[in-house]
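Quick note on numbering: the sequence shown equals residues -23 to -1, 1 to 702 in mature numbering (1 follows the signal peptide of the UniProt record, and there is no 0).
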Amino acid sequence: MNKVLAVALAAAFATNLATTAHAAPDADKRAQDTVAQMTQAEKMLLVFGYFGAEFAGVKPPKDAIPYTAGYVPGVPRLNIPPQWQTDAGLGVATQPSPAPRERTALPSGMATASSWNTKLAYEAGAMIGREARLSGHNVILGGAVNLQRDPRNGRNFEYAGEDPLLAGIITGEQIRGNQSNNIVGTIKHFAFNDQETNRNTIDVKIDEQAGQMSDLLAMRIAIERGDPGSVMCAYNLVNGVYACESDWLLNKVLKKDWGYKGFVMSDWGATHSTTQAANGGLDQQSGWPFDKSMYFGPALKEAVDNGHVPKERLDDMAKRILRAMYANNLMDAPQPKVEPEKIDFAAHAKVTRQVAEEGSVLLKNAGNVLPLTADVKSIVIIGGHADKAVISGGGAAQVHPHGGSAVKGEGPKGFPGPIIWLPSSPMKALQARTKARVTYVDGKDAAAAAKAAAGADVAIVFATQWAAESLDAPSMALPDNQDALIAAVAGANKRTVVVLETGNPVTMPWLDNVGAVLAAWFPGSAGGEAIARLLTGEVNPSGRLAATFPASEAQLPRPKIDGDPTSRDGRFTTDYNIEGAAVGYKWFEKTGKKPLFAFGHGLSYTTYEYRDLKARNDGGKVVLSFTVANTGKRAGQAVPQVYVGPAPASAKAAGWEAPRRLAGWDKVALQPGESKAVSVTVDPRMLAVWEPKTRDWQRRPGTYEFTLGGASDAITSRTTLALPK
Ligand code: BGC
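Encoded structure:
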């Protein structure tokens, strides 16, 4: 590499890190000094985690906060507080409990990502961090950023979609927001935990280069942005080794290549050994009753005493944990107290509502069925308990609403159920905003629903798909005959609107016959109000898909999910080398398949123009500039997206996984008639390939083509730029 360019590229990476890392500067030294004063027994305390509820006959320690995910004792003599850990990826969660904490729920992570709004992701994270602290916690177990390789994955609703740049930046901002509250943030699940089927035993096969350019890249970007104090390693095996004892993943990639200074905690039940795990890079066994043994308890002491685990390694484990705590002011800020009465729920409702509004994606709007206008005199709302509530996702991320679930008795009785319905009624919110007569039918009887639809000006079907940790969806189809319901309603009324409240992309056999489709994901605590504001045009939709909607399972790299959901302990492998780093839209473009809705797609009630794309090489960094204009009659927010790929002549030499990648974007508010000049600096990795020989990113010389538009399949301006190595 040319020396000047090498320096410039290094500086570009360094700036990226320097502008985002917030850690207290002396955290390393303080951690080092404290470790020097600790006895071996004190160090051992830090690396062994408890569960906050009774599990497998083991009672939680008395100082744990009841029904929370984790507790690690402190060392009062050295001013080291306990670690009170809670799941809070989408809001402060409660483990299955008779009296759950009632907190603000964000919409799905997929919604936050679909907002493409980095500032909003930060605010959402900061809000959750405040609630976590006022619930007595100082460690958050969320930032979840597993890439969406399969639209049926039961945890996609916790994640941030399929693109490493978008997912990494959005999740990193959310973590940065979490940690602005003197709280340790986490990123999970490291790595390749991209399906729930047989998640504890499945062995994911993936070549290092493909891994570094996909899931690991998303993690790395999120770590650079958010600087989380901890990384949670995943349940699954990767290339034959459990993720929580993988020397390659933990020592080599995370700690050595990326220079990560925080600590690695295991997922609950993901530790499988003492010596191999400790030497493989695991720093803390979490929620030990979920594991087969107290691997980091007495067994670790023995391993350290007899030299199987070096003493320096135990010091390193303790130092990393303490560093995360010092870096996030856990020793200096007042200890968190359980004082939920101080949470400003009204203010937080506005934050979650904004995420729902900016993250919902208007997929179709034929004949301007939406927004609902004054000439609509009667509306029938069908299904989805839309008279009362919106649905939420289950598992460790489950947030409980004030007053409890609005609908009881649905879904599995035990974990990850039951289904929790957040009491935010789309119907009531709509009634407050329209003079039309609004009625409700539950949709259980398709013929009755169609009859009601025939007599109304507009029919709105609320279609739901529950999703939850530990379960993948059996298919991409909506469950419970809802496809037939929608088809019947659409047959009776041309002005049928479908609001999807789903964890995942779904298939839509009725698409041609309905007027409009709004993907609202799991819309969170204020979801009903957000949906009503979008339907009436009080808010102009501005979400863009963070994940492709495939037309069918046959288009996927694995039309059938590997493994067997009925076999808990079965050993299976899954081959991620089929698509490698070509995840999501990259797979579709590489194989020439046409999805139902492309990555980045999303409509609004106005129209935008994206034009005059220019690219220049600014001392090694590629800077893009272009113009965005609002050419319609309503104010709105455009999401200009630039994709990049090697121009045809350079394609072979470039070594890319797919024809194009997302290079950058912005979210731009525009009044009618207004236009703005936008400039975006491209992360140099988006132009490079991770090279196994040098173990880093190198840009290959050639001509690169940049394309600008309002979606990955709506290009309106293009330019090329020749770039040196
Ligand atoms: C999940 C993690 C979660 C942990 C603690 C596990 O089942 O995979 O995401 O943080 O439990 O609740």
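Note that the Cβ used here is the ideal one computed from N, Cα and C, for glycine as well.
{"Asked": "Proximity test, Cβ basis, 8 angstroms: Gly432 and chain B", "Found": "Going by chain labels, chain B is absent from the structure shown, which holds only one protein chain."}
{"Asked": "Inter-residue CB distance, Lys421 and Trp398 (contact presumed, cutoff 8 angstroms)", "Found": "Lys421 to Trp398, Cβ: 16 angstroms. No contact."}
{"Asked": "His114 beta carbon near the ligand BGC (any heavy atom closer than 7 angstroms)", "Found": "no"}
{"Asked": "Proximity test, Trp642 beta-carbon vs the ligand BGC heavy atom, cut-off 7 angstroms", "Found": "no"}
{"Asked": "Cross-strand partners of Leu399 (DSSP beta bridge)", "Found": "Val367"}
{"Asked": "Selection from Val241, Gly131, Trp235 that minimises the alpha carbon distance to Pro393", "Found": "Gly131"}
{"Asked": "Contacting residues, own chain, Cβ-Cβ under 8 angstroms from Ala425 (five flanking each side not counted)", "Found": "Val418"}
{"Asked": "Distance cut-off 7 angstroms: Trp245 Cβ against heavy atoms of the ligand BGC", "Found": "yes"}
{"Asked": "Gly206 CB to nearest heavy atom of the ligand BGC below 7 angstroms", "Found": "no"}
{"Asked": "Cβ-based neighbour list, Ala(-3), same chain, cut-off 7 angstroms, excluding 5 preceding and 5 following", "Found": "Its pLDDT being 44, under 50, Ala(-3) is placed unreliably in this model, and the value from its coordinates should be taken loosely. Excluding residues within five positions, the ones whose Cβ falls inside 7 angstroms are Asp204."}
{"Asked": "Which of helix, strand or coil DSSP assigns to Gly145", "Found": "helix"}
{"Asked": "Beta-carbon proximity list for Phe240, same chain, < 8 angstroms, skipping 5 on both sides", "Found": "Gly206, Ser207, Val208, Asp260, Gln261, Met294, Arg297, Ile298, Arg300, Ala301"}
{"Asked": "As assigned by DSSP and simplified to three states, the class of Gln172", "Found": "coil"}
{"Asked": "Cut-off 8 angstroms between Cβ atoms - residues of its own chain near Ala380, not counting five sequence neighbours on either side", "Found": "The amino acid occupying residue 380 in the given sequence is Gly; Ala does not appear at that position. Excluding sequence neighbours, Gly380 sits near Glu79, Pro400."}
{"Asked": "Whether Leu616 touches Arg637 by CB criterion (8 angstroms)", "Found": "The displayed chain sequence assigns Val, not Leu, to residue 616. No, Cβ-Cβ distance for Val616 and Arg637 is not below 8 angstroms."}
{"Asked": "Contact under 8 angstroms by Cβ, Ser191 with Pro141", "Found": "yes"}
{"Asked": "Where Leu647 sits in the DSSP three-state scheme", "Found": "strand"}
{"Asked": "Spatial neighbours of Ala70 in its chain, beta-carbon cut-off 7 angstroms, leaving aside the 5 residues before and after", "Found": "Thr63, Asp64, Ala373, Ala374, Gln375, Val376"}
{"Asked": "beta-carbon Asn46 near the ligand BGC non-hydrogen atom, thresh 7 angstroms", "Found": "Inspection of the sequence shows that residue 46 is occupied by Ala rather than by Asn. At least one heavy atom of the ligand BGC is nearer than 7 angstroms to the Cβ of Ala46, so yes."}
{"Asked": "Under 8 angstroms between C-beta atoms of Asn554 and Ile179", "Found": "no"}
{"Asked": "Buried/exposed call for Lys232, threshold 16 Cβ in 10 Å", "Found": "buried"}
{"Asked": "Anticipated Cβ contact below 8 angstroms, Leu512 with Pro395, distance rounded", "Found": "So it is not a contact: roughly 28 angstroms between Cβ atoms."}
{"Asked": "As assigned by DSSP and simplified to three states, the class of Ala(-3)", "Found": "Any reading at Ala(-3) needs caution, since the residue's pLDDT is 44, under 50, leaving its predicted position unreliable; the model's value is listed next. The answer is coil: DSSP assigns Ala(-3) none of H, G, I, E or B."}
{"Asked": "Exposed unless 16 or more other CB atoms sit within 10 angstroms - verdict on Ala409", "Found": "exposed"}
{"Asked": "Uninterrupted beta strand (DSSP E) stretches inside the segment 492 to 570 (no shorter than 3 residues)", "Found": "493 to 496, 550 to 552"}
{"Asked": "Helix, strand or coil at Glu387 according to DSSP, with G and I counted as helix", "Found": "coil"}
{"Asked": "Limits of the alpha helix (DSSP H) - the one that Val346 falls within", "Found": "Element bounds for Val346: n/a, residue is neither H nor E."}
{"Asked": "Touching by the beta-carbon criterion (3+ pairs, under 8 angstroms), the segment 210 to 217 and the segment 579 to 597", "Found": "no"}
{"Asked": "Alpha-carbon spacing of Thr148 relative to Arg202, whole angstroms", "Found": "8 angstroms"}
{"Asked": "Spatial distance of Lys702 from Gln675 (CA atoms)", "Found": "7 angstroms"}
{"Asked": "Cα-Cα separation between Ala351 and Ala436, rounded to whole angstroms", "Found": "15 angstroms"}
{"Asked": "Proximity of Glu335 and Gly120 at Cβ, strictly below 8 angstroms", "Found": "no"}
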